[in-house]
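Here the structure comes first, spelled out in structure tokens, and everything after it is commentary.
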């Protein structure tokens, strides 16, 4: 695993693939060998290894030293940082935009009232008739 | 009750963040809500508990804007910048700098409004000065919420 230098982009690129997300989900439950990771997928071992390489490059997983099996394990920090940033951003702006919705709704009804009032003004008045 | 429109956030490059969201209003109206101080003060508030006592907007190219937010404890946070491009009601480009902490230089914010039938799509592109600046923005206050984000890992991974 590269000690530093992972970027948010490599993190998000690595997360874009459903197989890689499934691999991470599996590793979140504990370390696993390449064979164990490949088992649930209809994929060749080289194909899985390719996905593992992407995840490793993004700093999302690491290899344990155990020579024979070389199980992979999850490195949660970059993933957590990336998701936390986006999540905070999302929470902040969802709140802002919800309030903006309300402001727009109010402007729309104000506009409608103005238009209605104008229409009322130009509408021909019914002639007054005596009630007899 | 009407469903809230979905907010889409993407990171197309290592210096950019793009946020897209639909609004049920004509774009002239949305443009006003983004640029008129008395309207901006009502929605651009951030986390719960914050208000915006100062909102100055000089809406012309080269004109400046300044926002100051205040929370219940009296803590204040200021932010401001200069308008670079104004095309009412479709486009707005402005610089953005926070006053109290280092964010690695000026951020350039491009806002685009596209109207279709009965709604307007708002797209905001935030471009950081450098990758370092983006990383600084990313890490700003990130540690506090880090624990909670681990809980959200599962959600993300099973998506």
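Residue numbers (our numbering), protein chains in the order written: chain A, 6 to 137; chain B, 40 to 198. C-beta: ideal position from N, C-alpha, C; glycine also.
Inset, instruction - Tell me whether residue 120 of chain A is buried or exposed, calling it buried when 16 or more other Cβ atoms sit within 10 Å of its Cβ. - result: Flag for residue 120 of chain A reads exposed.
Legend entry - Nearest-angstrom Cα separation, counted from residue 107 of chain A out to residue 75 of chain A: Distance between the alpha carbons of residue 75 of chain A and residue 107 of chain A: 55 Å.
Inset, instruction - Give the residues of chain A in contact with residue 82 of chain B, contact being defined as C-beta atoms less than 7 Å apart. - result: Ordered by position in chain A, the residues that pass the 7 Å Cβ test against residue 82 of chain B are 101, 104, 105, 108.
Inset, instruction - Answer yes or no: does any C-beta atom of chain B fall closer than 7 Å to that of residue 46 of chain A? - result: No, residue 46 of chain A lies away from the interface with chain B (no Cβ there is under 7 Å from its Cβ).
Legend entry - The alpha helix (DSSP H) enclosing residue 129 of chain A, as first and last residue numbers: First-last for residue 129 of chain A: undefined, no H or E at that position.
Legend entry - Three-state secondary structure assigned by DSSP to residue 22 of chain A: Coil at residue 22 of chain A, not helix or strand.
Legend entry - residue 59 of chain A - containing alpha helix (DSSP H), residue span: 50 to 62 is the extent of the alpha helix (DSSP H) around residue 59 of chain A.
Inset, instruction - Grab me the residues of residue 40 of chain A's own chain with a C-beta within less than 8 Å of its C-beta, minus the 5 sequence neighbours each way, in chain order. - result: Excluding positions up to five away in sequence, the list reads 50.
Legend entry - residue 36 of chain A, enclosing alpha helix (DSSP H) - first and last residue: That residue, residue 36 of chain A, is in no alpha helix (DSSP H); it is neither H nor E in DSSP.
Inset, instruction - Quick one: grab the DSSP three-state call for residue 122 of chain B. - result: Three-state result, residue 122 of chain B: strand.
Inset, instruction - Take the Cβ of residue 49 of chain B as the centre, count every other Cβ of all protein chains shown within 10 Å, and call the residue buried at 16 or more, exposed below. - result: Its Cβ having fewer than 16 others within 10 Å, residue 49 of chain B is exposed.
Legend entry - Three-state class that DSSP yields for residue 94 of chain A in the structure shown: When secondary structure is reduced to three states using DSSP, residue 94 of chain A falls in the helix class.
Inset, instruction - Return the bridge partner residues of residue 60 of chain B from the DSSP annotation. - result: Residue 60 of chain B pairs with B/161.
Inset, instruction - Please check the pair residue 131 of chain B and residue 155 of chain B, which I expect to be a contact at CB under 8 Å, by giving their CB distance rounded to whole angstroms. - result: Actually they are not in contact, since the Cβ atoms of residue 131 of chain B and residue 155 of chain B sit about 19 Å apart, beyond 8 Å.
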